[in-house]
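So the structure is just underneath, and the comments pick up after that.
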Amino acid sequence: MSDCLFCRIARGEIPASKVYEDDEVLAFNDINPVAPVHFLMIPKQHLASLDDAQAGHQALLGKLLLLASKLAKTQGLEQGFRTVINTGRGGGQEVFHLHIHVIGGGNIPPMVKRN
Ligand code: AMP
Ligand code: ZN
45 MSDCLFCRIA RGEIPASKVY EDDEVLAFND INPVAPVHFL MIPKQHLASL
95 DDAQAGHQAL LGKLLLLASK LAKTQGLEQG FRTVINTGRG GGQEVFHLHI
145 HVIGGGNIPP MVKRN
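Numbering-wise (the numbering used here), the sequence shown opens with residue 45 and increments by one.
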């Protein structure tokens with residue numbers, strides 16, 4: 045997916061504030077943060093959403109989750125953090141390259157408002 049925004053960031057064609065990088069994964073700060081710490085983790089391989097993940101992606105998905113916890117600590121989120129994966133238009137996904145939001149710091153409100 046040569047014109048995918050996050051593929052272009054992964055290739056270094058569009059600048060990003062990198063948090064972590066290895067041969068399979070890139071993490072970078074969200075351009076429009078909703079909390080003091082808000083970074084995104086992506087597989088470098090293009091995968092449009094969680095709905096496109098196959099059994100062969102199991103190790104990569106597990107790696108991303110384990111890394112989320114490690115990177116949250118390096119970003120100062122010792123007290124915990126929120127992970128969000130928006131999937132498809134019904135899930136509010138805007139960029140169709142699988143990404144995990146890692147959010148924390150400050151006041152993190154409940155995800156679901158109950159009456
Ligand atoms: P989602 O709604 O889950 O698809 O989230 C897409 C996220 O990508 C949003 O939080 C945007 O602020 C973020 N975003 C869009 N463009 C960039 C960019 N060039 N660099 C960093 N984050 C971006
Ligand atoms: Zn992509």
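The beta carbon of each residue, even a glycine, is placed where N, CA and C say it ideally should be.
Where residue i falls: helix, strand or coil (DSSP)
i	result
Leu49	helix
Gly134	helix
Asn71	Checking the displayed sequence, the identity of residue 71 turns out to be Ala instead of Asn. Strand at Ala71.
His90	coil
His101	helix
Lys157	coil
Leu84	strand
Boundaries (first-last residue) of the beta strand (DSSP E) holding residue i
i	result
Thr127	126-128
Gly148	144-148
Val78	It is not in any beta strand (DSSP E) - Val78 carries neither H nor E in the DSSP assignment.
Glu122	Element bounds for Glu122: n/a, residue is neither H nor E.
For residue j and residue i, the rounded distance between their alpha carbons
i	j	result
Ile129	Glu57	24 Å
Ala97	Met155	25 Å
Thr118	Gly134	32 Å
Gln123	Val81	12 Å
Cys48	Ser93	12 Å
Beta bridge counterpart(s) of residue i as assigned by DSSP
i	result
Glu57	Beta-bridge pairing links Glu57 to no other residue.
Lys62	Phe72
query: Does the segment 103-115 come within contact of the segment 75-87, defined as at least 3 CB pairs closer than 8 Å?
result: Between the segment 103-115 and the segment 75-87 there are three or more inter-stretch CB-CB distances shorter than 8 Å, so the stretches are counted as touching.
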